[in-house]
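> So for the sequence shown, full-length UniProt numbering puts the first residue at 1; every next one is plus one.
Glycine included, every Cβ here is placed at the ideal spot set by N, Cα and C.
Quick one: structure below, then a few questions.
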Amino acid sequence: MLGFKVEAIPAFTDNYIWLIRADGNHCAVVDPGDAEPVIERLDAEGLSLDYVLITHHHPDHIGGLLALVERHQPEVFGPADPRISGIDHVMREGGRARLTKLGLDFQVIEVPGHTSSHIAYFGGGALFCGDTLFSVGCGRLFEGTPEQMQSSLDKLAQLPTSTRVFCAHEYTLGNCRFALEVEPGNEALQRRARAVKTARERGERTVPSLLGDELEVNPFLRSRAAGVVAAARKRIPGAEPGSDTLAAIRAWKDAW
Ligand SMILES: [Zn+2]
1 MLGFKVEAIP AFTDNYIWLI RADGNHCAVV DPGDAEPVIE RLDAEGLSLD
51 YVLITHHHPD HIGGLLALVE RHQPEVFGPA DPRISGIDHV MREGGRARLT
101 KLGLDFQVIE VPGHTSSHIA YFGGGALFCG DTLFSVGCGR LFEGTPEQMQ
151 SSLDKLAQLP TSTRVFCAHE YTLGNCRFAL EVEPGNEALQ RRARAVKTAR
201 ERGERTVPSL LGDELEVNPF LRSRAAGVVA AARKRIPGAE PGSDTLAAIR
251 AWKDAW
């Protein structure tokens, strides 16, 4: 169980802006790509936006930040990156984002790969990982190397298996289809794919997922698993377990 409530504010076509709530009317949001749906929710529920957590600089994660700052004056936590305006607390590996009005405290983990300055927030059993780790997938390597992404995913994989993974996009259905091409014989993945299909048909969210489940089904967290390495070697002969395999699978997915 989480020690706090997390709700989804859907944005654009497949983004989730996560709304973190504790008792009372204090709250925080993660990666507000769009201010409008956030303001609507705050107004509808009489919430005070005290904090914003930013994972990386992409517009669909920060596009609403300045409008929210102007209207609500939250304290803003984010990575060291000149491409993001409005950060009050520049966060680095091992730093802590203290959301004192919510009684919450998140550990900061640097996870370069999708972008060079991407960070994740972990605390209270929840991981807010932006576009680094998705359910049954991972982010594209826009600014990082496969080695960096491997090392970032390795850090996340070491968190408790009970961790709830709050990624920023609803990509799980397509990710399952791809993962089944990589590991068609993975029974846990087959079960997850069926459950995700049913959930999406009902219009339900598929995130957060459990880290322990991701370790069994997510090919990018399984770059040392025999089946994933074998699939990678069909694309890049001799690919080694780890970042080589991750690179091969990621390139395959990019072209898929
Ligand atoms: Zn991104």
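What are the start and end residues of the beta strand (DSSP E) that includes residue 234?
That residue, residue 234, is in no beta strand (DSSP E); its alpha helix (DSSP H) goes 226–235.
> Thinking C-beta only, is residue 149 closer than 8 angstroms to residue 167?
No; because the gap between Cβ atoms is not below 8 angstroms, this pair is not in contact.
> I need the DSSP call for residue 147, collapsed to helix, strand or coil.
Residue 147 falls in the helix class under three-state DSSP.
> Any heavy atom of ligand 1 closer than 7 angstroms to the beta-carbon of residue 139?
Yes - ligand 1 has a heavy atom lying nearer than 7 angstroms to the Cβ of residue 139.
> Could you check the C-alpha separation between residue 247 and residue 14 for me, to the nearest Å?
Answer to the nearest angstrom: the Cα atoms are 25 angstroms apart.
> Quick one: residues with CB closer than 5 angstroms to any heavy atom of ligand 1, in chain order, please.
The set, ordered by position in the chain, is 58, 131.
> Let me make sure I understand the geometry here. Which of 124, 249, 117 has the alpha-carbon closest to that of residue 104?
It is 124 whose Cα lies nearest to the Cα of residue 104.
> Please report the distance separating the alpha-carbon of residue 202 from that of residue 8.
If you take the alpha carbons of residue 202 and residue 8, they lie about 17 angstroms apart.
> Among all the DSSP beta bridges, which residues are the ones paired with residue 27?
Residue 27 pairs with 21, 49.
> Pop quiz: residue 153 and residue 221 are said to be a contact at Cβ under 8 angstroms. What is the actual Cβ separation, rounded to whole angstroms?
Indeed they touch by this definition, with Cβ atoms about 6 angstroms apart.
> Once DSSP output is grouped into helix, strand and coil, what is the label at residue 166?
Note: residue 166 maps to strand in three-state DSSP.
> Under a three-way DSSP split, which group does residue 61 fall into?
Helix, per DSSP.
> If you compare alpha carbons, which of 219, 254, 116, 189 is closest to residue 245?
For the residues 219, 254, 116, 189, the minimum Cα distance to residue 245 belongs to 219.
> Mind reading off the beta-carbon distance from residue 6 to residue 32? Whole number of angstroms is fine, and I expect it under 8 angstroms.
With 8 angstroms as the limit, residue 6 and residue 32 do not qualify as a contact, their Cβ atoms being about 14 angstroms apart.
> What runs of the alpha helix (DSSP H), each 4 residues or longer, lie entirely inside the stretch 156–200?
Runs of the alpha helix (DSSP H) inside the stretch 156–200: 172–182.
> With 16 other CB atoms within 10 Å as the buried threshold, where does residue 24 fall?
So residue 24 counts as exposed.
> Could you say if the stretch 33–52 and the stretch 95–114 meet the contact criterion of at least three C-beta pairs nearer than 8 angstroms?
Cβ pair count under 8 angstroms is three or more, so yes.
> Throw me the rounded Cβ distance for the residue 165 and residue 127 pair, which I believe falls under 8 angstroms.
Their Cβ separation, rounded to whole angstroms, is 5 angstroms, which keeps residue 165 and residue 127 in contact under 8 angstroms.
> Skipping 5 residues on each side, what residues in its chain have a beta carbon closer than 7 angstroms to that of residue 56?
The answer, listed in chain order, is 79, 114, 115, 117, 118, 130, 131.
> Identify which residue in 83, 75, 111 has its Cα closest to the Cα of residue 92.
Closest by alpha carbon: 111.
> Nearest to residue 70 by alpha carbon, out of 94, 39, 46?
Considering only alpha carbons, the answer is 39.
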